[in-house]
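Scroll down for the structure; my scribbles are underneath it.
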Amino acid sequence: MKDRWEIILSGVGGQGLIMSGTILGEAATVYEGKNATLTSSYGTETRGTFTKSDVIISSTEIYYPEVMKEDIILALAPVAYDRYVPSMDKEAILIYDSSLISHIKETGVKQEGYPITDMARRLGNAAAANIIALGIIVKKTGVVSKESILQAISDGFSNKPQVIELNHRAFMEGFQLA
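Going left to right, the sequence shown walks through residues 381 to 558 as our numbering numbers them.
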């Protein structure tokens, strides 16, 4: 397994990408003793504009908090897909939401589409798409264990048992899909 992962979670405001980055980082640092950074960028409006979270997880020190050479890019919206697909590293993997992104560009990079939003709707809450995506990323990379993510979800929503249950189911759906 790799010692360092550089992950970009991208989409539009309101999709929970900062929360996903936080959960991923906490799973790495609190439950696995790794180092992690999270930086976020988003438009001035709270919903509907481009947003991203850069997450770096490493077993060694991290000297710069933003992704320099991505390993994984998650695109949950067409604007995010269009931003990254033309210029991403050829070694990276682009995971995109095939429920929302249909105009796929052949650029020579590895792209994997999953019906993330459709799955979240079937679970009863489209807002769970970000957690389904985390399940896919964790299964594809092994960056952290599923147990660490499930514990980070439980801790992050400790006062909301129904949200914990939904997010655990969403994470496992994504994990099993990948």
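Glycine is no exception: its CB is placed at the ideal position from the N, C-alpha and C atoms.
These numbers were taken from a predicted model, which means no experiment stands behind them.
Item: Which value, in whole angstroms, describes the spacing of the CA atoms of serine 358 and leucine 454?; Value: Shown here, the chain extends from 381 to 558; a query on residue 358 therefore has no answer.
Item: Around the Cβ of glycine 401, are there at least 16 other Cβ atoms within 10 angstroms (buried) or fewer (exposed)?; Value: buried
Item: If we require 4 or more residues per run, which alpha helix (DSSP H) segments fall completely within the stretch 399 to 455?; Value: none
Item: Assuming asparagine 415 and isoleucine 442 are in contact, meaning their beta carbons sit under 8 Å apart, how far apart are those beta carbons, in whole angstroms?; Value: 5 Å
Item: Between the Cα of glutamate 412 and the Cα atoms of Met552, Gly522, Ser528, Gly396, which residue gives the shortest distance?; Value: Ser528
Item: Along the chain, which unbroken stretches of the beta strand (DSSP E) at least 3 residues long are found entirely within the stretch 474 to 543?; Value: 490 to 494
Item: Contact between the stretch 514 to 525 and the stretch 455 to 467: three or more CB pairs below 8 Å?; Value: no
Item: Could you pull out every residue in the same chain whose Cβ sits closer than 6 Å to the Cβ of isoleucine 512, ignoring the five residues on either side in sequence?; Value: Ile496, Met499, Ala500, Ala550, Glu553, Gly554
Item: Which of helix, strand or coil does DSSP assign to glycine 554?; Value: helix
Item: Report yes or no: do the stretch 468 to 487 and the stretch 529 to 537 share at least 3 C-beta pairs separated by less than 8 Å?; Value: no
Item: Comparing C-alpha positions only, which one of Met399, Thr440, Ile403 sits nearest to tryptophan 385?; Value: Thr440
Item: Thinking glycine 536 and isoleucine 403 are a contact (beta carbons under 8 Å), I'd like their distance in whole angstroms, please.; Value: 6 Å
Item: Our contact map puts asparagine 510 next to leucine 397 with C-beta atoms below 8 Å; I'd like the distance itself, whole angstroms only.; Value: 6 Å
Item: Between the C-alpha atoms of glutamate 471 and alanine 407, what's the straight-line distance to the nearest angstrom?; Value: 25 Å
Item: Roughly how many whole angstroms lie between the Cα atoms of asparagine 539 and aspartate 434?; Value: 27 Å
Item: Would you kindly work out how many angstroms separate the C-alpha atoms of valine 459 and leucine 389, rounded to a whole number?; Value: 13 Å
Item: Pick out whichever of Thr431, Lys432, Val447 has its Cα sitting closest to the Cα of serine 438.; Value: Val447
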